Each structure stands twice: as structure tokens, then as C-alpha cells.
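Read through the structure below, which is laid out as C-alpha cells, and then see the notes.
Protein chains: 2
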Amino acid sequence: MYAPERQQEILRLARDGGRVDVLSLAEEFQVTAETIRRDLKALDRAGLVRRVHGGAIPVGRLDFEPDLAERESTAADEKDRIAKAALAELPTEGTMILDAGTTVARVAAAIPLEASLTVVTHSLPIAARLADHPGIQLHLVGGRVRHRTRAAVDAWALRAYGEIRADVLLVAANGFSAEHGLTTPDLAEAAVKRAAVAAARRVVLLADSAKHGQEHFARFGDLSDVDLLITDSGLSPEDAAAIERGGTEVVRA
Amino acid sequence: MYAPERQQEILRLARDGGRVDVLSLAEEFQVTAETIRRDLKALDRAGLVRRVHGGAIPVGRLDFEPDLAERESTAADEKDRIAKAALAELPTEGTMILDAGTTVARVAAAIPLEASLTVVTHSLPIAARLADHPGIQLHLVGGRVRHRTRAAVDAWALRAYGEIRADVLLVAANGFSAEHGLTTPDLAEAAVKRAAVAAARRVVLLADSAKHGQEHFARFGDLSDVDLLITDSGLSPEDAAAIERGGTEVVRA
DNA sequence: GTTCGTCGTGTCTGTTCATGCCCGATTGAA
DNA sequence: TTCAATCGGGCATGAACAGACACGACGAAC
């Protein structure tokens, strides 16, 4: 096992467990504690974990993102299935906008290495993930970066989306329903999502079934703006049928 | 079997298996390890795999960049000292532009948690690192993302810098000298740097002494544009004095 | 057909890298 | 305050690496 592989795995363990310690890692990987310390130092220098006595803590967990990690773990299965289904929607060649969000991030992580695409995103984690993908021409949408979601918002982002036209948009929402449309808690983010929706020829909404019926503060569109909804089997067939009557195709992964 | 065929096959094996190692490839293809190393080097240069000790890993499999901090492990010490010295230049309150580059990234990593700043950057790694800093209001400059440097360039970036005015800019250069000014290998990046220089009231150049006297393809400014040069003690006192006569303060960390 | 340059490959040699071990310094919990 | 766990730097070692050079195949120009 190569050192970078081990570091990658350590990072994953840290993110999963919220913390790792030197000795168990040493045992786990069958190397000495010194080597683990070096790995943690490297990860620390890369800004991915924060070194503490006896181990390390992933940075995202550090101060005030318990919910990002938590959200990551809840409904993980559903999100994975949704992400997998969304892969089928990638254009083989063309332009795609990726919204911020953990489910969309999973799709991004799963884009095959042979793919050849132009991707536009305002999400920092997704951009970081795709930056070294050899087949992807990545365009970053700038703006003020919100701490919680690590996505760019405000004037620069709105203007950028106003200037482009993409084949497909993968968008996330915190709540969706026929009555209340697509909603999210933050007004600035809703504005960016709305701009992204307007910039795409085909809108694909990724949302697990728990989001159905929820409504949040800021509305950024109607369900009728969505061409395809990819969700999980937690959405009842009746609800799905009702949505399809509104003109939105539904995939229950 | 021709070299490009072999490389294509190596790439396929790497993507299928997630990793390859030099010795098995050498056996597999009935060539020496040196030849495999050359193949891997070529694939690495093409940005298709990441070289590791003993083998290679296809890009995208690792979602972190182990070497962005370590890539130029040469002069690591100097860079650390320069970064430390640069911390003193942070405004206590105000706006700062951070250019892309490993040295600048180290400064970003070292910004104290209690700092309260507005930061603007077009560097993806730096943005990722600062995104969850509680005291920093982060503004991301968008644009096409260059694979090699993970920095945004082109129209969006140029326009964004044209619209702002910051207190301090920390800028990096691949070469600097009184005669040839500030240079970097890439034209698009030079344009962004030039725009950033124009957007800042005070320009601080971070460059280790090995960069002195070097000149690269694209020039983005003169040494006289720089208010403060932070370098290491490898720059001779005479050179430093000469630069200071040009109106640029010099710190040899 | 000969000659020359180029390219891919192999060989050699000194250098770098990853890791393990050791020891004094530091830390944090009782 | 004390003491055991942990850390970090230095050093050793074997594997892996990089650069220089040589050899042979191939193709172009004469």
C-alpha cells in the first residue's frame, strides 16, 4: 500500500469516525506509529485534518459543521443510489452545471475517468474534487462563499450563470413539493439556484424522499421547472404519479 | 508493442485496479522497470495518473492533493520562513487578495483562527482551506480552472479583479528580477496576476531566492509594482540593496 | 546503399524516499 | 505536581528513482 493511499484511507476514517488515533491506525495499517504520524502531518499540512495529541480530527468537523457530517451520514444509502442513478443523466459530451450539496458531490465523485465534459459549478468541494479530472474542463463560478455549504453566492455567481447556457443541471433542494415548489433555507443560495435553473436546458433534481413535502424559507422554483426528479423508493408511488402528472419525470432509485 | 500502446494499457490497468506498481508492470509487459517509470512519468505529465513511490494511482481516486504543499519539497524550509514572515503583513482588519501558489497557500494555512479578514482568491486549494475559517469572509473569483495550478483564469477572473480594490495582495511569481520584472510560464495566469496587482493598494511578493534572476514566458508586472518583497536569505545583500534602490522594500526571512 | 539523426530501450551509478528505530523533549491527565 | 504517553528530530537501511550514456532499430536525405 502506497503512502498516499494510506493517507487517503486515514482521511476517510477520520471523516467517518470524527477522529482517529495514532496507535489504532498503526495497528490497522500494520506500520509503526512514526509512519502514521508522518501521514497525519502530511494531511495536516494539506489542511485536511487538524493534528491533536494522540491523533487527528478532520477539519470539517472541527468547529461548527456537525450537521454537514451528520447530513452526510443520514440517508447515505439513498443518496448513493440517487447519485448512481444520476450518473445515467450525464451528457456524454457537453456542458453540465453542478449545484452544491452532498448528493451532487457524490455524483461528481463518481464521474468516470474516461468522461469528457465541461462542468460549471459554484460549489467549492465539488470543484476541488473535479479540478484534477483529466477529461473535465472545469469552470468555477465565483462569489461570496457561505461557510455552511461552501458554495459561492451573490452578485458574481448570479451574473456568471446569467451568461451561460448548459445542457444539464443537477440541482439539490432541501424541500420539494408540488404545492410549495423547490425550497432551501438560505435566500442567497436560492437566488443562485434559480439562476442555475434558468441557465440549463434540462433540469434534474436530486432529492431523497425525506425532502418531499418539506418547505423551507426560500423558494427558487416550481416542480414544473424540473424535467427529471431522481429520488429514492421512500417516495410513495402515488406521490410519484402525482408529480409525473405535473410534467416531471420521476425515477425512484 | 509501441510505447503509446503500452501507456494506454497501463492507464487502463490503473483505472481498473485503482493502482499499478512498477515491478508488476515491468513483468507484465516484458520490459525493464526503467521503461515503465518513463511511461508513468509521461502519464503523470499528461495529468492522467499520479506518480507515487513504487507505482502510480489514477487521478481522481485521491480526493486530496498530497503534493500541493509538498510538490516542490525543495526550498520547503525557505517557503515556510517566507510564509511566516508574510503573516506579519496581514492587515488586522480589511481586505486581502491571495494569489495561487504553494507559498501563499502556506500563509493561508497559518492565518490565526482569531483573525478577522475579508479574503479574495482565485486559487481553489486556498479557498478550500479558508472556507471554514470562522473569522474570514471569503470571496471566490471564478473562471476556467487550470489543472496544473488549480487556479481560476480567463474572463470571469479578470472581470472580478477589475471590480474590486483590496488593501493587500500576496502574489507569487516564478521569476523576478529588476530587468525582466515578474514572470510566470502561463499567459492566462499572468493576466490574472496583473489584474490582481492592479486591484491592490499594497503588493507583497512572496518568492524564494531561487526565483531571482529567472525569467519565464509571460510577464505580468515590474519589480517596481511591488511594495514589499519577502524572500529568503539566499538572496545576496547586494541584490537586496539593488532592489531596494528601485523602491521595493525587501525582507530576507 | 550509406550515413546520419532520432527514438525507444536497457544499463549503470549516485541520489532520494519511505520506513523503522532510538532518545530526549513535550504534553496532558490524574 | 507528577508521570506515563506522545511527539519530533536524527539516523540507518533497503527499495525506488533519475540522469547519463550506450545500443540498436528505423527512416530520411544524399
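Chains as they are written, first to last, in full-length UniProt numbering: chain A, 1 to 253; chain B, 1 to 253. Note that the Cβ used here is the ideal one computed from N, Cα and C, for glycine as well. Predicted model only: the values in this text are computed from it and were never measured.
Quick test of your reading: residue i and residue j, contact by CB under 8 Å. State the CB separation rounded to the nearest angstrom.
{"i": "residue 227 of chain A", "j": "residue 197 of chain A", "result": "Between residue 197 of chain A and residue 227 of chain A the Cβ distance is about 10 Å, and since that is not below 8 Å, they are no contact."}
{"i": "residue 167 of chain B", "j": "residue 91 of chain B", "result": "5 Å"}
{"i": "residue 22 of chain A", "j": "residue 33 of chain A", "result": "5 Å"}
{"i": "residue 104 of chain A", "j": "residue 206 of chain A", "result": "6 Å"}
{"i": "residue 108 of chain A", "j": "residue 97 of chain A", "result": "So it is not a contact: roughly 12 Å between Cβ atoms."}
{"i": "residue 158 of chain B", "j": "residue 191 of chain B", "result": "6 Å"}
{"i": "residue 203 of chain A", "j": "residue 169 of chain A", "result": "5 Å"}
{"i": "residue 188 of chain A", "j": "residue 154 of chain A", "result": "6 Å"}
{"i": "residue 242 of chain B", "j": "residue 178 of chain B", "result": "7 Å"}
How should residue i be labelled, buried or exposed, when 16 other C-beta atoms within 10 angstroms of its C-beta is the threshold for buried?
{"i": "residue 146 of chain B", "result": "buried"}
{"i": "residue 220 of chain A", "result": "buried"}
{"i": "residue 1 of chain B", "result": "exposed"}
{"i": "residue 182 of chain B", "result": "buried"}
{"i": "residue 122 of chain A", "result": "buried"}
{"i": "residue 249 of chain A", "result": "exposed"}
{"i": "residue 201 of chain A", "result": "exposed"}
{"i": "residue 41 of chain B", "result": "exposed"}
{"i": "residue 238 of chain B", "result": "exposed"}
{"i": "residue 62 of chain A", "result": "For residue 62 of chain A, the pLDDT reaches just 36, beneath the cut-off of 50, and the residue's location in the model is therefore unreliable, although a value from the coordinates is still provided. The residue in question, residue 62 of chain A, is exposed, as its Cβ has fewer than 16 Cβ neighbours within 10 Å."}
{"i": "residue 16 of chain B", "result": "exposed"}
{"i": "residue 27 of chain B", "result": "exposed"}
{"i": "residue 255 of chain B", "result": "No answer is possible for residue 255 of chain B: it lies beyond the span of chain B, which begins at 1 and ends at 253."}
{"i": "residue 7 of chain A", "result": "buried"}
{"i": "residue 106 of chain B", "result": "buried"}
{"i": "residue 19 of chain B", "result": "buried"}
{"i": "residue 59 of chain B", "result": "buried"}
{"i": "residue 176 of chain B", "result": "buried"}
With 8 Å set as the bound, which would you pick, yes or no: does the beta-carbon of residue i sit closer than that to a beta-carbon of chain A?
{"i": "residue 124 of chain B", "result": "yes"}
{"i": "residue 26 of chain B", "result": "no"}
{"i": "residue 38 of chain B", "result": "no"}
{"i": "residue 196 of chain B", "result": "no"}
{"i": "residue 73 of chain B", "result": "Any reading at residue 73 of chain B must be qualified, since the residue scores a pLDDT of 47, below 50, and its modelled position is unreliable; the value itself is stated next. Not one chain A Cβ lies under 8 Å of residue 73 of chain B."}
Using a Cβ-Cβ cut-off of 8 Å, state whether residue i counts as contacting chain B.
{"i": "residue 200 of chain A", "result": "no"}
{"i": "residue 58 of chain A", "result": "no"}
{"i": "residue 222 of chain A", "result": "no"}
{"i": "residue 160 of chain A", "result": "yes"}
{"i": "residue 238 of chain A", "result": "no"}
{"i": "residue 93 of chain A", "result": "no"}
{"i": "residue 3 of chain A", "result": "yes"}
Under three-state DSSP, which class holds residue i?
{"i": "residue 220 of chain A", "result": "strand"}
{"i": "residue 120 of chain B", "result": "strand"}
{"i": "residue 172 of chain B", "result": "strand"}
{"i": "residue 241 of chain A", "result": "helix"}
{"i": "residue 66 of chain A", "result": "Residue placement at residue 66 of chain A is poorly supported in this model, since its pLDDT is 36, which falls under 50; the coordinates are not used for a value here."}
{"i": "residue 82 of chain B", "result": "helix"}
{"i": "residue 200 of chain B", "result": "strand"}
{"i": "residue 58 of chain A", "result": "strand"}
{"i": "residue 251 of chain B", "result": "strand"}
{"i": "residue 246 of chain A", "result": "coil"}
{"i": "residue 15 of chain B", "result": "helix"}
{"i": "residue 2 of chain A", "result": "coil"}
{"i": "residue 233 of chain A", "result": "coil"}
{"i": "residue 206 of chain A", "result": "strand"}
{"i": "residue 30 of chain A", "result": "coil"}
{"i": "residue 258 of chain A", "result": "The question about residue 258 of chain A has no answer here: the residues shown for chain A are numbered 1 through 253."}
{"i": "residue 141 of chain B", "result": "coil"}
{"i": "residue 182 of chain B", "result": "strand"}
{"i": "residue 21 of chain B", "result": "strand"}
{"i": "residue 226 of chain B", "result": "coil"}
{"i": "residue 111 of chain A", "result": "coil"}
{"i": "residue 151 of chain A", "result": "strand"}
Scan the segment 139-158 of chain B for residues whose Cβ lies nearer than 7 Å to a Cβ of chain A and list them as they occur along the chain.
139, 140, 141, 142, 143, 144, 145, 147, 150, 152, 156
So if I threshold CB-CB distances at 7 Å, which residues from the segment 8-20 of chain A count as touching chain B?
8, 11
Going along the segment 40-54 of chain B in order, which residues come within less than 8 Å of chain A, judged by CB to CB distance?
46, 47, 48, 50, 52, 53, 54
Near-chain A residues of the segment 108-136 of chain B (beta-carbon distance less than 7 Å), N- to C-terminal order
109, 124, 127, 128, 129, 131, 132, 134
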